[in-house]
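**Student:**
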Amino acid sequence: MKIPFAPQSAEQRSRPWRWLVPVLLVLLFLAVLIWLPWQARQMESNERQEQLIADTLWVEQTLRFELARSEEALVALGADLVVQPPAPAVLQMRMAQMAKNGPELMRVVWYDADGKVMAIHGSDLPARGLAEATLNAAEVARATRRGRYSEPYGATQASHGMIDFYLPLYDRGEFAGSLVASYSLQVLLDETVPWWFAQDNALSLIDGDDRVVAQRAAGGPGRGVYTHRRELDLPGALMVLSTDSVKSAPNLLPNLLVGSVIVLALGLVLSLGALWRHISRTLAAESALRQQMAFRTAMENSLLTGLRARDLEGRVTYVNRAFCQIVGLPPEEVVGMKPPMPYWAPEAMADYEERFRGVLSGNVTPQFETVFQRSDGARVPVLVFEAPLVDVYGKQTGWMSSILDITDRKRVEELNRQQEEKLQASARLATMGEISSMLAHELNQPLAAISSYTAGALNMLDRASQSGEEVKPALLRHALEQARQQAQRAGKIIRSVHEFVKKREPERQEVTIRSVIDGVRALIELQTRQAGVVLQVQLPPDLPPVLADRVLLEQVLLNLTRNAIEAMHDTRPYDRILRIACERKDGQVSVSVIDRGHGIPPEVAERLFSPFFSTKAEGMGMGLSICRTAIEFHGGTLTHAPNPSGGTIFTFSLPEQAATPALG
Ligand code: ADP
Numbered sequence: 028m029k030i031p032f033a034p035q036s037a038e039q040r041s042r043p044w045r046w047l048v049p050v051l052l053v054l055l056f057l058a059v060l061i062w063l064p065w066q067a068r069q070m071e072s073n074e075r076q077e078q079l080i081a082d083t084l085w086v087e088q089t090l091r092f093e094l095a096r097s098e099e100a101l102v103a104l105g106a107d108l109v110v111q112p113p114a115p116a117v118l119q120m121r122m123a124q125m126a127k128n129g130p131e132l133m134r135v136v137w138y139d140a141d142g143k144v145m146a147i148h149g150s151d152l153p154a155r156g157l158a159e160a161t162l163n164a165a166e167v168a169r170a171t172r173r174g175r176y177s178e179p180y181g182a183t184q185a186s187h188g189m190i191d192f193y194l195p196l197y198d199r200g201e202f203a204g205s206l207v208a209s210y211s212l213q214v215l216l217d218e219t220v221p222w223w224f225a226q227d228n229a230l231s232l233i234d235g236d237d238r239v240v241a242q243r244a245a246g247g248p249g250r251g252v253y254t255h256r257r258e259l260d261l262p263g264a265l266m267v268l269s270t271d272s273v274k275s276a277p278n279l280l281p282n283l284l285v286g287s288v289i290v291l292a293l294g295l296v297l298s299l300g301a302l303w304r305h306i307s308r309t310l311a312a313e314s315a316l317r318q319q320m321a322f323r324t325a326m327e328n329s330l331l332t333g334l335r336a337r338d339l340e341g342r343v344t345y346v347n348r349a350f351c352q353i354v355g356l357p358p359e360e361v362v363g364m365k366p367p368m369p370y371w372a373p374e375a376m377a378d379y380e381e382r383f384r385g386v387l388s389g390n391v392t393p394q395f396e397t398v399f400q401r402s403d404g405a406r407v408p409v410l411v412f413e414a415p416l417v418d419v420y421g422k423q424t425g426w427m428s429s430i431l432d433i434t435d436r437k438r439v440e441e442l443n444r445q446q447e448e449k450l451q452a453s454a455r456l457a458t459m460g461e462i463s464s465m466l467a468h469e470l471n472q473p474l475a476a477i478s479s480y481t482a483g484a485l486n487m488l489d490r491a492s493q494s495g496e497e498v499k500p501a502l503l504r505h506a507l508e509q510a511r512q513q514a515q516r517a518g519k520i521i522r523s524v525h526e527f528v529k530k531r532e533p534e535r536q537e538v539t540i541r542s543v544i545d546g547v548r549a550l551i552e553l554q555t556r557q558a559g560v561v562l563q564v565q566l567p568p569d570l571p572p573v574l575a576d577r578v579l580l581e582q583v584l585l586n587l588t589r590n591a592i593e594a595m596h597d598t599r600p601y602d603r604i605l606r607i608a609c610e611r612k613d614g615q616v617s618v619s620v621i622d623r624g625h626g627i628p629p630e631v632a633e634r635l636f637s638p639f640f641s642t643k644a645e646g647m648g649m650g651l652s653i654c655r656t657a658i659e660f661h662g663g664t665l666t667h668a669p670n671p672s673g674g675t676i677f678t679f680s681l682p683e684q685a686a687t688p689a690l691g
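Under this note's numbering, think of the first position of the sequence shown as 28, with each following residue one higher.
1) Could you give the first and the last residue of the continuous alpha helix (DSSP H) run that contains P415?
2) Check whether the Cβ of H625 lies closer than 7 Å to any heavy atom of the ligand ADP, and answer yes or no.
3) Return yes when the C-beta of L651 is under 7 Å from any heavy atom of the ligand ADP, and no when it is not.
4) Given that a residue counts as buried once 16 or more other Cβ atoms are within 10 Å of its Cβ, and exposed if not, what is V110?
5) Could you give the C-beta distance for A591 and G624, rounded to a whole number, given that I count them as a contact under 8 Å?
6) Judging by CA-CA distance, which residue of Q124, S637, L587 is the nearest neighbour of A100?
7) So which of S329, V361, Q557 has the shortest CA-CA distance to H596?
8) Which stretch, first to last residue, makes up the alpha helix (DSSP H) that contains R589?
9) On the DSSP bridge list, what partners appear for E537?
10) Whole angstroms is fine: what's the gap from Y15's alpha carbon to R401's?
11) Name the residue from P358, S307, V144, F660 whose alpha carbon lies nearest to the alpha carbon of N328.
12) Is I30 buried or exposed, if buried means 16 or more other CB atoms sit within 10 Å of its CB?
13) Going by DSSP in three states, H305 sits in which element: helix, strand or coil?
14) For S478, is the classification buried or exposed, using 16 other Cβ atoms within 10 angstroms of its Cβ as the cut-off for buried?
15) Can you tell me the Cα-Cα spacing of L690 and P572, whole angstroms?
16) Roughly how many angstroms lie between the CA atoms of G518 and Q512, to the nearest whole one?
17) What's the C-alpha gap between T397 and E534?
18) Rounded to whole angstroms, what is the Cα-Cα separation between P688 and S523?
19) How many whole angstroms separate the CB atoms of V620 and T588, which I take to be in contact at a CB cut-off of 8 Å?
20) Excluding five sequence neighbours on each side, which residues of the same chain lie with their C-beta closer than 6 Å to the C-beta of A225?
21) Would I105 and L194 qualify as a contact pair, given that the criterion is a beta-carbon distance under 8 Å?
22) I believe P115 touches D107 by the beta-carbon criterion, under 8 Å. Please report the beta-carbon distance rounded to the nearest angstrom.
23) With 16 as the cutoff for other CB atoms within 10 Å, does A33 come out buried or exposed?
24) Can you pull the DSSP bridge partners for A264?
25) Whose C-alpha, out of T664, G333, A67, L570, is nearest the C-alpha of V409?
26) Which residues in the same chain as V583 place their Cβ atom closer than 7 Å to its Cβ, once the five residues preceding and following it in sequence are excluded?
27) Less than 7 Å between the CB of F679 and some heavy atom of the ligand ADP, yes or no?
28) At a threshold of 7 Å, does M320 count as lining the ligand ADP (C-beta to nearest heavy atom)?
29) What does the Cβ neighbour count give for A686, buried or exposed, with the cut at 16 atoms within 10 Å?
30) Determine contact between the region 305 to 313 and the region 385 to 397, defined as no fewer than three beta-carbon pairs at a distance below 8 Å.
31) Which residue's Cα is closest to the Cα of N228: A126, A372, A81?
32) Sorted by chain position, which residues of the same chain lie with C-beta nearer than 6 Å to P129's C-beta, five sequence neighbours on each side aside?
33) Does Q319 pass the burial test, meaning 16 or more other C-beta atoms within 10 Å, or should it be called exposed?
34) Taking only three categories from DSSP, how would you classify F640?
35) Compare the C-alpha of K422 against each of S272, V59, D338 and name the closest.
36) Of all the options I520, V417, G425, R436, which has the alpha carbon lying nearest to the alpha carbon of N471?
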């Protein structure tokens, strides 16, 4: 598990800047959202205005086309009147045709050169003659010799305005009369402008003094929002076509749009706020988690105990630094691996596989010692503790092991063991030293006996050679046999001493208590004889063997008996009995050394097994301490109790060696 952690990483420091970009983007988005409907409204407004202008131009063209058509008909009629005036009836017919083609044409009058009315069609002439505007136009027309329109006239509250076209007629350059056509501007508007245009727009014709001379508003009055004015380009007449759309500024759609934009924007801001809060909380949690992880990683890395996690299939999912150091492998060579593991030592393969079967079946050994193999081949003794790995829902997901490298502990244990051995050997030597005078005395006897037997034999031979008597082979044989026996006895004592003190490795084997007692019996008897003590040995025949080191047990027995004999120093001679009683009880074989000595007072009992504690002037105080260590080394116990008949009972018990035939 790798946890990237830096207390204040560059990433964290740049966090405010990272926020700025989305915030700016959101603000930009909002601005665009608000600007869009406004822009749409503006575009629509422009479109309407442009449409109105185009329509107005079209209407102006139509009006002018209508008037131009009428103008052409008048010019043609005028030309005919000058060259060959038609019959009055024909003239009337042509005029009627003209009025029919253009309903706005209200009247046509033909004047001769003197101003006399030659023919008239349409409404009657007003009593006061031509309007002043017409007369003004006639003056200019005659001067320029071209037809000309008058200013609009006659517009009042009740009636709409009129416009006249004055066409002077010339016969070979001579003024020959005139044609005056009067148009109703209202009819012009009504007839020429199509209904759909009038429905959408209020139209009016305005004269030079800004007076309305004709108007049409089928769809109601204009709103004054979209308007356009276009001058009608008629020679002599100043007239403006004004259009005013009945449409107001577009608003319903933008309102809806703006409303939804505002609601959306508010929603967006609110959700952004919520998101911000959520992310802040997540970031805070993440930061806390990082701290925790960093703390945990630091803790794990500082541990000397190896940690290893495995899933339920036995695949390694995690190892810490200490584990990698123990096995001498990088994490990537261990994590993800399934048994056999690279750190398994070949000689212990069967053990590992046995334990791994346990892991798969869900029952692991909670604590055990084993050996791992480092990558360099060295063996590492380890102590492994296994515990189930449980997830947040309480479900077991695998196993967590902690692994202790116990190389040092093992070394110390080995050192202790060697020290202990040395101490035991020294103690044995000391014991021998203490009983050396007895030993010398004991050896002296067989040696003296050998000496006297061999001397006797020699004497026998000398006498025989001097006297010439025959040597009695039976006598000589007896003496030599006795000498041999004594030599064997001395050899046995020397051997037992040698066996006892020689330096050796402790070695466990099946031993019987009988053989242990026999091993040291000569040395014990040596002391009992000296001290005037009677030795009694009680040995049941069915005593099973124990798994132990024979010399250590002999040392214990020799120590206990020596202490017992010494304790009986002041006991009355007939009470000086040393009993060695053995029994089998609860799967244990126990040996009691029972004396009738001075017993152990409580203050001595407290420190009995402490090294170097002795109540004796020349005592070393190591005997009982070594005895207890030796017995516990064999998985047994050493206890003491007062003897009911006076004295002390020291008892050591060892587990019996089951299911093996008793050795004897
Ligand atoms: P040492 O014999 O050199 O003193 P031990 O460790 O063998 O050292 O004994 C320690 C002490 O325990 C002895 O000095 C003695 O006082 C006491 N002790 C041992 N065995 C007996 C016993 N059988 N009866 C009374 N006292 C004993």
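A virtual CB, placed ideally from N, CA and C, is assigned to each residue, including glycine.
**Tutor:** Based on what the coordinates show:
1) Premise fails: P415 lies in the beta strand (DSSP E), 406 to 417, not in any alpha helix (DSSP H).
2) Under cutoff, so the answer is yes.
3) Yes - the ligand ADP has a heavy atom lying nearer than 7 Å to the Cβ of L651.
4) Counting of Cβ neighbours within 10 angstroms places V110 among the exposed residues, the total staying below 16.
5) Going by Cβ atoms, the distance from A591 to G624 rounds to 6 Å, so yes, they are a contact pair.
6) The shortest C-alpha separation from A100 is found at Q124.
7) Checked all of S329, V361, Q557; the closest Cα to H596 is Q557.
8) Element bounds for R589: 577 to 594.
9) L574, per the DSSP bridge assignment.
10) Outside the modelled stretch of the chain, which goes from 28 to 691, sits residue 15, for which no answer is possible.
11) In this structure, P358 is the residue among P358, S307, V144, F660 with its C-alpha nearest to the C-alpha of N328.
12) In this prediction, I30 scores a pLDDT of 41, lower than 50, which makes its location untrustworthy; the coordinate-derived value is nonetheless stated afterwards. Counting Cβ neighbours within 10 Å, I30 comes out exposed, since fewer than 16 surround it.
13) In the displayed model, H305 falls within a helix according to three-state DSSP.
14) The residue is exposed, with fewer than 16 neighbouring Cβ atoms inside 10 Å.
15) With a pLDDT of only 37 at L690, under the threshold of 50, the placement of this residue in the model should not be trusted; the figure read from the coordinates follows. Distance between L690 and P572, taken at the CA atoms: about 6 Å.
16) One C-alpha to the other measures close to 10 Å.
17) Straight-line Cα distance between these residues: approximately 23 Å.
18) The pLDDT assigned to P688 is 42, lower than 50, so where the model puts this residue is not dependable; a value taken from the coordinates is nonetheless given after this. Whole-angstrom Cα-Cα distance: 27 Å.
19) With 8 Å as the limit, V620 and T588 qualify as a contact, their Cβ atoms being about 6 Å apart.
20) If we look at A225 and ignore the five residues flanking it on each side, its Cβ neighbours are R243, A245.
21) One detail in the question is off: residue 105 reads as Gly in this sequence, not Ile. A contact, by the Cβ cut-off of 8 Å.
22) Wrong, their Cβ atoms sit about 13 Å apart, outside the cutoff.
23) Low confidence applies here, because A33 scores a pLDDT of 43, under 50, leaving its location unreliable; read the following figure in that light. That one is exposed.
24) The partner list for A264 (beta bridge, DSSP) reads L261.
25) Answer by Cα proximity: G333.
26) Excluding sequence neighbours, V583 sits near C654, A657, I658, F679.
27) F679 has its CB no nearer than 7 Å to any heavy atom of the ligand ADP.
28) Result no, Cβ not under 7 Å from the ligand ADP.
29) The predicted model places A686 with a pLDDT of 49, which falls under 50 and marks its position as unreliable, so this point remains unresolved.
30) Because the criterion of three Cβ pairs below 8 Å is not met, the region 305 to 313 and the region 385 to 397 do not touch.
31) The residue among A126, A372, A81 with its C-alpha nearest the C-alpha of N228 is A81.
32) The amino acid at residue 129 is misidentified as Pro; the sequence shows Gly. Within its own chain, the residues whose Cβ lies closer than 6 Å to the Cβ of G129, once the five positions on either side in sequence are excluded, are S97, listed in chain order.
33) Exposed.
34) Residue state, collapsed to three classes: coil.
35) For K422, the closest alpha carbon among the candidates S272, V59, D338 is that of D338.
36) Among I520, V417, G425, R436, the Cα nearest to that of N471 belongs to I520.
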